[in-house]
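A short write-up of the structure that comes next.
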Amino acid sequence: MDVLIVTPTYNEKDNLPLLAAGVLQHDGYRLLVVDDGSPDGTGAIADRLAQEHPGRVRVMHRTGPRGLGRSYIDGLSHALQEGKADFICQMDCDLSHGPEYLPQLVAAGATHDLVIGSRYMNGGVSVVNWPLSRIFLSAFANRYIRLVTGLVPSDCTSGYRCWRREALAALPLDHFISDGYSFLVEMLYEASQRGSRIGEVPITFAERREGESKLSRAVLLESAITPWRLISTRRTADRRAP
Ligand SMILES: Nc1nc2c(ncn2[C@@H]2O[C@H](COP(=O)(O)OP(=O)(O)OP(=O)(O)O)[C@@H](O)[C@H]2O)c(=O)[nH]1
Ligand SMILES: [Mg+2]
Numbered sequence: 086m087d088v089l090i091v092t093p094t095y096n097e098k099d100n101l102p103l104l105a106a107g108v109l110q111h112d113g114y115r116l117l118v119v120d121d122g123s124p125d126g127t128g129a130i131a132d133r134l135a136q137e138h139p140g141r142v143r144v145m146h147r148t149g150p151r152g153l154g155r156s157y158i159d160g161l162s163h164a165l166q167e168g169k170a171d172f173i174c175q176m177d178c179d180l181s182h183g184p185e186y187l188p189q190l191v192a193a194g195a196t197h198d199l200v201i202g203s204r205y206m207n208g209g210v211s212v213v214n215w216p217l218s219r220i221f222l223s224a225f226a227n228r229y230i231r232l233v234t235g236l237v238p239s240d241c242t243s244g245y246r247c248w249r250r251e252a253l254a255a256l257p258l259d260h261f262i263s264d265g266y267s268f269l270v271e272m273l274y275e276a277s278q279r280g281s282r283i284g285e286v287p288i289t290f291a292e293r294r295e296g297e298s299k300l301s302r303a304v305l306l307e308s309a310i311t312p313w314r315l316i317s318t319r320r321t322a323d324r325r326a327p
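Here the sequence shown is numbered in this note's numbering, starting from 86 and rising by one per residue.
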């Protein structure tokens with residue numbers, strides 16, 4: 086079984102070596118780093134890791150406009166073109182997503198097309214070191230998205246996911262519009278529309294210890310609009326259908 090982990094990076098020089106070690110401890114797991122020309126030299130560290138682990142670590146150096154969604158589109162498209170991996174996972178590089186959960190996500194992939202590492206499976210939210218304001222924001226965002234779109238998973242904004250290759254290949258990656266967290270919501274919505282079997286595995290999310298968050302006002306605004314855009318596109322498509 087071949088598992089490829091795709092992680093986007095922007096200024097993660099201290100976190101990347103730890104994440105790589107956590108991923109590579111699992112047999113058969115490979116890592117694809119999608120770096121957006123990080124000014125802190127993350128790209129060079131990724132190149133060094135690729136040299137140290139030939140065949141297990143690869144690096145994409147992006148140029149042009151940076152962004153989480155764009156990076157995922159490039160990384161996931163590469164993973165699909167390569168055509169080797171049975172499972173393709175997405176995870177943040179800031180160690181908020183513990184690599185120790187990966188085998189559980191992959192195992193659940195035996196009976197699901199998409200498995201989400203969820204912070205919301207125990208009633209409350211499983212996070213370490215989050216300020217109350219962040220907890221409220223995340224809980225509100227998830228309720229809002231579920232209410233507007235009708236999505237069922239408890240954690241629609243989690244960036245920790247494992248896809249069966251075929252389910253990922255069925256998504257219109259090139260047509261996605263959103264870029265921040267919304268990109269994750271758009272992926273989930275499209276997968277759900279295509280009848281993907283979606284499962285969840287509980288995780289505890291740890292706030293980043295090193296580096297800075299890239300959460301911006303523009304990203305939040307996009308997140309507020311995207312659920313409405315997704316359902317209106319759906320309605321238009323329904324009306325056009327014969
Ligand atoms: N390639 C690329 N990666 C990005 C970009 N913005 C964020 N990332 C990465 O995406 C992942 C999630 O970003 P974070 O900054 O942790 O955002 P967050 O998790 O929403 O915010 P925190 O709660 O502060 O961790 C990390 O691995 C980042 O390095 C970007 O523009 N390009
Ligand atoms: Mg983070």
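Just so it is clear, CB atoms sit at the ideal spot from N, CA and C, and this is done for glycine as well.
With contact defined as three or more Cβ pairs closer than 8 Å, the segment 227-236 and the segment 118-128 are not in contact. Between N100 and E292, the CB-CB gap reaches or exceeds 8 Å. Only buried fits L258, as 16 or more other CB atoms lie within 10 angstroms of its CB.
A straight-line Cα-Cα distance of about 27 Å links E185 and Q166.
Within the same chain, G194, D198 come within 6 Å of R249 by CB-CB distance, once the 5 residues on both sides are set aside.
The C-beta distance from S308 to A226 rounds to 6 Å, short enough to fall under 8 Å.
Inter-residue distance for S162 and G154 is about 12 Å (C-alpha atoms, whole angstroms).
Counting only runs of 3+ residues, the beta strand (DSSP E) found wholly inside the segment 149-212 occupies 172-175, 199-203, in chain order. The C-alpha of V213 lies about 28 Å from the C-alpha of L134. Judged by the Cβ position, R293 qualifies as a neighbour of ligand 2 at the 7 Å threshold, a heavy atom of the ligand being closer than this. Taken through DSSP and simplified to helix, strand or coil, L256 comes out as coil.
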